[in-house]
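Residue numbers for the sequence shown follow the working numbering, so the first one is 2 and each next one is one higher. By construction, the Cβ of each residue, glycine as well, lies at the ideal position given by its N, Cα and C atoms.
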Amino acid sequence: MRLKEVSIHIISWLAFSLIVFYWQTNMFEDSDALIQTARMISVGMALFYLNLYVLLPRFFESNQFIKYSLSVLVILAVAYFLFFLTNDLSPRPEMRIPRGMKEGVEMRDRPPMPPRNMSRMVIFTIINGIPMLFFSTIIWLSDENRKRKQREAALINENLESEMRFLKSQINPHFLFNALNNIYSLSLTQSEKAPQLIIKLSEMLRHVVYHNTSPVKLENEIGYIQNFIDFQNLKIGEPIDVSFHHEEADKHLIIEPMLLIPFVENAFKHSNIENDPKGFIHIAITTQHNKVIFDIRNSIPTMQHTKDKTSGIGIENVTKRLAMGYPGKFQFLKEIEQNVFHVNLQIDCK
């Protein structure tokens, strides 16, 4: 037992002993009441802890109720035997003389000692034993229920952590394959863009590898998004309407990694910005106290296109991560209005 539990047990037994002693003084002299109290408490403690630490864990936990019941009968019989052995030490209420009449009463004037009543001893054993067994069982069941809830909570947390690690470890495979193909094509033509694309891609991969297991500063996420935008600009090679404002954000706030980039990937994928002259992507990250506010808008082309059907991490996985990492601490708005897809995400990082 832990120190706190030991202290609670000691205090409880001391309090119970005082109650029993006070009760016994109504029937016996103080010295006799002390003997009777010690007799009851010692046997009661033996029954209590034998049931708590031996019988219940061994039989009750494994649903061996018949063996448990037989064991209870055995220890009650042992308790009866212990009371029988200490019979001669036990005072008798029948011999008690009222306190006001003790003086002047000779031994020969005392009433004769009646014979021991064995049925009374059986009742005495049951009265002393059953409460000890009952309370120890209640304590054991409560403790087992607490341990079960702790195990379930630990298992849930372990599963959540595993799922979180899995979600964070993902990078959009379609983007990666597409990026490598673009770099390969440019390298065949000895384009000057190829080395720059390789540098940007390596910086993004470095972020994924080294900043993907624990919360990071907001500036790291901003840097990743900026590298992604720069990569897309280099790949497209023509001026595109993409803006990213983050100057007023507190870069030192801590946030879960790879949480915002799926929305940026989604915007590039569905806006078809490289083929639509009117396409645009506007991104803004601001902060208010401990709150990160991420806002992104992108155009939706009037003509449907089939580019990038694979969604990678996807917004669905982001919402799962938000629910696990920031339960009750985020607001997520997603809407489409006048051919504009709008996402506003507010996260309380405190």
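Cα-Cα separation between residue 252 and residue 232, rounded to whole angstroms: 22 Å
Beta-carbon gap between residue 230 and residue 245 smaller than 8 Å: yes
Pair within 8 Å by beta-carbon distance, residue 1 and residue 189: No information on residue 1 is available, as it lies outside the stretch 2 to 351 that the chain covers here.
Three-state class that DSSP yields for residue 215 in the structure shown: Three-state result, residue 215: coil.
Three-state secondary structure (DSSP) of residue 345: Here residue 345 sits in strand by DSSP.
Residue burial classification, residue 66 (beta-carbon count within 10 angstroms, cutoff 16): exposed
The region 263-272 contacting the region 322-332, beta-carbon criterion three pairs below 8 Å: no
Through-space distance from residue 206 to residue 191, alpha-carbon basis: 23 Å
Reduced DSSP category for residue 206 - H, G, I as helix; E, B as strand; rest coil: Secondary structure of residue 206 (DSSP, three-state): helix.
Cβ-based burial, residue 289 [other Cβ within 10 Å; buried from 16]: exposed
8 Å CB neighbourhood of residue 303 in its chain, flanking five on each side removed: 340
Contact set for residue 200: own chain, Cβ-Cβ below 6 Å, skip 5 residues either direction: none
Nearest neighbour of residue 22, chosen from 271, 237, 41 [CA to CA]: 41
Rounded Cβ spacing between residue 258 and residue 316 (contact assumed at less than 8 Å): The beta-carbon distance between residue 258 and residue 316, rounded to whole angstroms, is 17 Å. This is too long to meet the 8 Å contact definition.
Contact under 8 Å by Cβ, residue 52 with residue 143: no
Whole runs of the beta strand (DSSP E) within the region 276-302, excluding any shorter than 3 residues: 281-289, 292-300
Spatial distance of residue 28 from residue 34 (CA atoms): For residue 28 and residue 34, the distance between alpha carbons rounds to 8 Å.
Spatial distance of residue 78 from residue 148 (CA atoms): 32 Å
Cβ neighbour criterion (16 or more within 10 Å) applied to residue 337: exposed
Nearest candidate by alpha-carbon position, reference residue 319, set 344, 48, 300: 344
Residue 180, buried or exposed, once every other Cβ within 10 Å from all chains shown has been counted against 16: buried
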